[in-house]
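Asker: Protein sequences, first through last, are from chains U and P.
Using the working numbering, the letters of the first sequence correspond one by one to residues 1 to 112.
Using the working numbering, the letters of the second sequence correspond one by one to residues 113 to 226.
Beta carbons: idealized from backbone N, C-alpha and C, even for Gly.
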Amino acid sequence: DGGITQSPKYLFRKEGQNVTLSCEQNLNHDAMYWYRQDPGQGLRLIYYSQIVNDFQKGDIAEGYSVSREKKESFPLTVTSAQKNPTAFYLCASGIRAADEQFFGPGTRLTVL
Amino acid sequence: AQSVTQLDSQVPVFEEAPVELRCNYSSSVSVYLFWYVQYPNQGLQLLLKYLSGSTLVKGINGFEAEFNKSQTSFHLRKPSVHISDTAEYFCAVRESGGTYKYIFGTGTRLKVLA
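(1) Please compile the residues from chain P whose C-beta is within a distance smaller than 7 angstroms of the C-beta of Q105 of chain U.
(2) One question on the structure: do L90 of chain U and G217 of chain P come within less than 8 angstroms of each other, judged by their Cβ atoms?
(3) Run down chain P in chain order and give the residues with a C-beta less than 9 angstroms from the C-beta of A81 of chain U.
(4) Any contact between the stretch 142–157 of chain P and the stretch 192–205 of chain P? By contact I mean 3 or more CB pairs, one from each, below 8 angstroms.
(5) What residues in its chain sit with their C-beta under 7 angstroms from that of S150 of chain U, if we drop five residues either side in the sequence?
(6) Restricting to Cα atoms, I'd like to know which of U:K9, U:E15, U:A81, U:K70 is closest to L116 of chain U.
(7) Check distances from the C-beta atoms of the stretch 189–214 of chain P to those of chain U and list, in chain order, the residues that come in under 7 angstroms.
(8) Quick one: which unbroken beta strand (DSSP E) runs of 3-plus residues sit fully inside the stretch 23–58 of chain U? Chain order, please.
(9) Quick one, are the C-beta atoms of L222 of chain P and F126 of chain P less than 8 angstroms apart?
(10) Could you tell me the alpha carbon to alpha carbon distance between G94 of chain U and Y212 of chain P, rounded to whole angstroms?
(11) In chain order, what residues of the same chain have a beta carbon less than 6 angstroms from the beta carbon of E128 of chain P, not counting five sequence neighbours either side?
(12) So which of P:Q183, P:G174, P:S138, P:V169 has the shortest CA-CA distance to S196 of chain P?
(13) Using a C-beta to C-beta distance shorter than 8 angstroms, which residues of chain P count as neighbours of L90 of chain U?
(14) Would you please verify whether the beta carbon of S121 of chain P is less than 8 angstroms from any beta carbon of chain U?
(15) Do you know how far the Cα of Y214 of chain P is from the Cα of N136 of chain P?
(16) Beta-carbon of L11 of chain U versus every beta-carbon of chain P: anything under 8 angstroms?
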């Protein structure tokens with residue numbers, strides 16, 4: 001079955017540690033996205049990538065980093081510079097400019 | 113700059129009653145419009161989308177939405193809701209050319225009461 005996978009579903013980290021969230025898609029989509037979701041704030045764009053080896057900052061990129069070495073993979077690293085990392089993180093992908101985004105199941109990150 | 117406003121953060125409604133979830137947007141260019149649904153601790157699922165053509169769009173689960181360009185609105189409606197429709201609903205817009213960037217509203221939590 002085609003789709004988007006995110007792992008792990010729940011992630012705990014200590015303050016000051018970097019952590020990497022995985023996002024993989026087998027839909028052959030060109031574009032991939034990372035969003036952060038907090039209660040009452042909807043989805044905020046962290047980074048997006050339209051093609052391999054290229055990505056752009058979204059609205060809240062500070063404290064995060066990404067890479068796009070393969071079309072199917074777009075990992076997100078939450079660095080120790082991110083002041084409030086506890087949130088629900090959603091990965092998405094899209095096939096063409098006019099089409100909707102397809103979302104993964106999300107990763108809930110909790111900083112202890 | 114684009115923006116999306118969902119004025120109602122929560123909407124309670126009794127089962128089998130109609131519901132309307134409001135979405136207004138601002139943009140200086142043509143846009144594509146989307147409604148997504150999110151169940152607890154899950155990703156988002158597309159309900160419907162407007163790209164061009166007929167302003168009345170029908171989606172899954174009996175939902176429909178109407179694009180009103182003059183009022184810059186894209187309200188979501190369902191004539192009779194079920195308990196299973198309890199979820200959070202997000203409106204989103206994207207400019208019709210160039211960037212792949214989407215802007216989401218803050219969401220409306222629909223609670224269907226028995």
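Answerer: By the coordinates alone:
(1) It should be pointed out that residue 105 of chain U corresponds to Pro in this sequence rather than to Gln. Chain-ordered, the chain P residues with CB closer than 7 angstroms to the CB of P105 of chain U read Q154, G155.
(2) Taking 8 angstroms as the Cβ cut-off, L90 of chain U and G217 of chain P do not qualify as a contacting pair.
(3) What A81 of chain U touches in chain P: nothing, since even the nearest Cβ is about 23 angstroms away.
(4) Flag = yes, the stretch 142–157 of chain P and the stretch 192–205 of chain P touch.
(5) Because chain U spans 1 through 112 in this model, residue 150 of chain U falls outside it and cannot be assessed.
(6) As shown, chain U starts at 1 and ends at 112. That puts residue 116 of chain U outside it, with no answer to give.
(7) Listed in chain order, the positions of the stretch 189–214 of chain P with a beta carbon within less than 7 angstroms of a beta carbon of chain U are F202, Y212, K213, Y214.
(8) If we require 3 residues or more, the beta strand (DSSP E) runs fully inside the stretch 23–58 of chain U come out as 31–38, 42–51, 54–57.
(9) No, Cβ-Cβ distance for L222 of chain P and F126 of chain P is not below 8 angstroms.
(10) Spanning the two alpha carbons is a distance of roughly 9 angstroms.
(11) If you ignore the 5 residues before and after E128 of chain P, its C-beta comes within less than 6 angstroms of the C-beta of S192, all in its own chain and listed in chain order.
(12) Selection P:Q183, P:G174, P:S138, P:V169 evaluated against S196 of chain P yields P:G174 as nearest (Cα-Cα).
(13) The contacting residues are G155, L156.
(14) S121 of chain P counts as touching chain U.
(15) Their Cα atoms are separated by approximately 15 angstroms.
(16) Judged by the 8 angstroms Cβ criterion, L11 of chain U is not in contact with chain P.
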